[in-house]
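Residue numbers (our numbering), protein chains in the order written: chain A, 13 to 125; chain B, 9 to 121. By construction, the Cβ of each residue, glycine as well, lies at the ideal position given by its N, Cα and C atoms. None of the values given here were measured: they were computed from a predicted structure.
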Amino acid sequence: NAGVTQTPKFRILKIGQSMTLQCTQDMNHNYMYWYRQDPGMGLKLIYYSVGAGITDKGEVPNGYNVSRSTTEDFPLRLELAAPSQTSVYFCATAETKGIYEQYFGPGTRLTVT
Amino acid sequence: QKEVEQDPGPLSVPEGAIVSLNCTYSNSAFQYFMWYRQYSRKGPELLMYTYSSGNKEDGRFTAQVDKSSKYISLFIRDSQPSDSATYLCAMTTTAGNTGKLIFGQGTTLQVKP
Numbered sequence: 013n014a015g016v017t018q019t020p021k022f023r024i025l026k027i028g029q030s031m032t033l034q035c036t037q038d039m040n041h042n043y044m045y046w047y048r049q050d051p052g053m054g055l056k057l058i059y060y061s062v063g064a065g066i067t068d069k070g071e072v073p074n075g076y077n078v079s080r081s082t083t084e085d086f087p088l089r090l091e092l093a094a095p096s097q098t099s100v101y102f103c104a105t106a107e108t109k110g111i112y113e114q115y116f117g118p119g120t121r122l123t124v125t
Numbered sequence: 009q010k011e012v013e014q015d016p017g018p019l020s021v022p023e024g025a026i027v028s029l030n031c032t033y034s035n036s037a038f039q040y041f042m043w044y045r046q047y048s049r050k051g052p053e054l055l056m057y058t059y060s061s062g063n064k065e066d067g068r069f070t071a072q073v074d075k076s077s078k079y080i081s082l083f084i085r086d087s088q089p090s091d092s093a094t095y096l097c098a099m100t101t102t103a104g105n106t107g108k109l110i111f112g113q114g115t116t117l118q119v120k121p
């Protein structure tokens with residue numbers, strides 16, 4: 013039982029490049045979330061999904077896109093990477109009856125130069 | 009004004025000390041109050057949660073919520089070096105049942121042997 017897995021662990025992008033951060037869960041949770049964490053800034057919600065086929069914006073969605081075609085996968089797409097997107101990205105999941113208890117993946121460290 | 013404010017520290021205490029971590033918030037609609045613990049280069053994990061006002065105790069940890077003052081606290085008794093981590097408060101409303109968490113900036117705690 014792997015829980016929440018994220019790939020890659022680290023990535024360096026050049027300005028203007030695109031990439032997809034992968035998130036997969038095997039807990040059969042309906043709710044999934046993408047956060048970014050900047051030093052001293054806590055976590056900010058980028059996008060979230062309450063089930064397959066349903067996504068919505070969080071606090072900081074600009075420059076990102078998501079899709080949710082299955083319960084297990086919730087990829088985050090960065091288009092035209094900018095230095096401001098340098099951050100640590102966390103994917104999280106939650107059960108419908110316990111949305112306050114979110115289970116986080118190990119994170120992806122992204123640097124845009 | 010940020011919705012959730014948390015003193016980023018860092019906080020350094022000797023082993024065995026009582027630690028007090030605090031957050032203030034501005035949104036009176038928050039109903040769930042959580043404390044997440046994050047070890048270095050790991051994803052956050054839920055430590056405790058409280059629904060509405062009151063106290064909750066779990067071993068050496070006590071969470072308090074004072075909705076009248078919009079103030080929450082986490083107390084750690086008999087602190088151990090293994091408690092060294094970043095502690096993040098988080099809050100959410102029950103509106104829409106989306107689980108959108110608003111995090112504080114996190115307080116970094118070091119417990120010295």
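Within 8 Å, strictly: CB atoms of V124 (chain A) and Q97 (chain A): Annotated as proximal: V124 (chain A) and Q97 (chain A), with beta-carbon spacing under 8 Å.
A25 (chain B) versus R80 (chain A) - alpha carbon distance: When only Cα atoms are considered, A25 (chain B) and R80 (chain A) end up about 46 Å apart.
Span separating the alpha-carbon of T17 (chain A) from that of G117 (chain A): Cα to Cα, T17 (chain A) sits roughly 5 Å from G117 (chain A).
Closest residue to T100 (chain B) among B:G112, B:D91, B:G17 (Cα-Cα distance): The residue from B:G112, B:D91, B:G17 with its alpha-carbon nearest to that of T100 (chain B) is B:G112.
Closer than 8 Å to chain B by CB, M53 (chain A): Yes, M53 (chain A) lies at the interface with chain B (some Cβ there is under 8 Å from its Cβ).
Proximity below 8 Å, CB of T105 (chain A) to CB of Q37 (chain A): Yes, the pair counts as a contact, with Cβ atoms nearer than the cut-off.
Ordered list of beta strand (DSSP E) runs contained in the region 22 to 57 of chain A, each at least 3 residues: Listed in chain order, the complete beta strand (DSSP E) runs (minimum 3 residues) inside the region 22 to 57 of chain A are 22 to 25, 31 to 37, 43 to 49.
Chain B contact for I66 (chain A) (CB, 8 Å cutoff): No, I66 (chain A) lies away from the interface with chain B (no Cβ there is under 8 Å from its Cβ).
As assigned by DSSP and simplified to three states, the class of P89 (chain B): In the three-state reduction of the DSSP assignment, P89 (chain B) falls in the helix class, which pools H, G and I.
Same chain, Cβ closer than 6 Å to R85 (chain B), neighbours up to 5 away in sequence not counted: Excluding sequence neighbours, R85 (chain B) sits near I26, R68.
Rounded straight-line distance, which links the Cα of L92 (chain A) to that of T116 (chain B): Rounded to whole angstroms, T116 (chain B) to L92 (chain A) spans 33 Å at the Cα level.
Straight-line gap, Y115 (chain A) to L33 (chain A) (C-alpha atoms, nearest Å): Using only the alpha carbons, I get a separation of about 17 Å.
7 Å Cβ cut-off: residues of chain A touching F111 (chain B): Listed along chain A, the residues sitting closer than 7 Å to F111 (chain B) by beta-carbon distance are G54, L55.
Option nearest G15 (chain A) by Cα separation, candidates A:C103, A:I111, A:L122: Selected option, being the one with the closest Cα: A:C103.
Status (buried if at least 16 other CB within 10 Å, exposed otherwise) for P95 (chain A): So P95 (chain A) counts as exposed.
Euclidean distance between Cα positions of S77 (chain B) and K50 (chain B): K50 (chain B) has its alpha-carbon roughly 32 Å from the corresponding atom of S77 (chain B).
CB contact check: V72 (chain A) to chain B, cutoff 8 Å: Taking Cβ atoms only, chain B never reaches closer than 8 Å to V72 (chain A), which makes this a no.
Through-space distance from S60 (chain B) to S87 (chain B), alpha-carbon basis: About 27 Å.
Beta-bridge pairing of R49 (chain B) - partner residues as DSSP gives them: The partner list for R49 (chain B) (beta bridge, DSSP) is empty, contrary to what the question assumes.
The beta strand (DSSP E) enclosing L90 (chain A), as first and last residue numbers: According to the DSSP assignment, L90 (chain A) belongs to the beta strand (DSSP E) that extends over 88 to 90.
Reduced DSSP secondary structure (H/G/I, E/B, other) of S81 (chain A): Coil at S81 (chain A), not helix or strand.
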